[in-house]
Amino acid sequence: MFGNYGNDNRNDGGNDAPIKEGGEYDVKIDDTGRDGDGIARVDGFVVFVSGAKLGDEVKIRVNSVRRNFGFADIVE
Numbered sequence: 001m002f003g004n005y006g007n008d009n010r011n012d013g014g015n016d017a018p019i020k021e022g023g024e025y026d027v028k029i030d031d032t033g034r035d036g037d038g039i040a041r042v043d044g045f046v047v048f049v050s051g052a053k054l055g056d057e058v059k060i061r062v063n064s065v066r067r068n069f070g071f072a073d074i075v076e
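Numbering follows UniProt numbering, with no gaps: position 31 of the sequence shown is 31.
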């Protein structure tokens, strides 16, 4: 009767992000997070990149997308 309202197991905030889970992107790390992760931006959208350092230019694979940011790993 009420569908999946509030229980659809989505965490992407309505899928408005310019990145997709599993997608690969070439980025430059332009900042560092408080836990030491690199921070890149894809069309202004913040992506935390595990193991990246400030100034690195890397290819990343997105493993999680939230409403305002995402998480990615460097593609070896």
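Glycine is no exception: its CB is placed at the ideal position from the N, C-alpha and C atoms.
A distance below 6 Å between beta-carbons, with the five flanking residues on each side excluded, links Y25 to the following residues of its chain, in chain order: V42 and I60. In the three-state reduction of the DSSP assignment, N63 falls in the strand class, which pools E and B. Per the coordinates, the alpha-carbon of A72 lies some 5 Å from the alpha-carbon of V49. Between A52 and I19, the CB-CB gap reaches or exceeds 8 Å. When beta bridges are read from the DSSP output, K28 appears opposite E57. Residues of the same chain with a CB within less than 6 Å of the CB of G33, apart from the 5 flanking positions on each side, are I39 and F48 in chain order. Spanning the alpha carbons of N68 and F45 requires a straight line of approximately 7 Å. DSSP lists D31 and F48 as the beta-bridge partner residues of I39.
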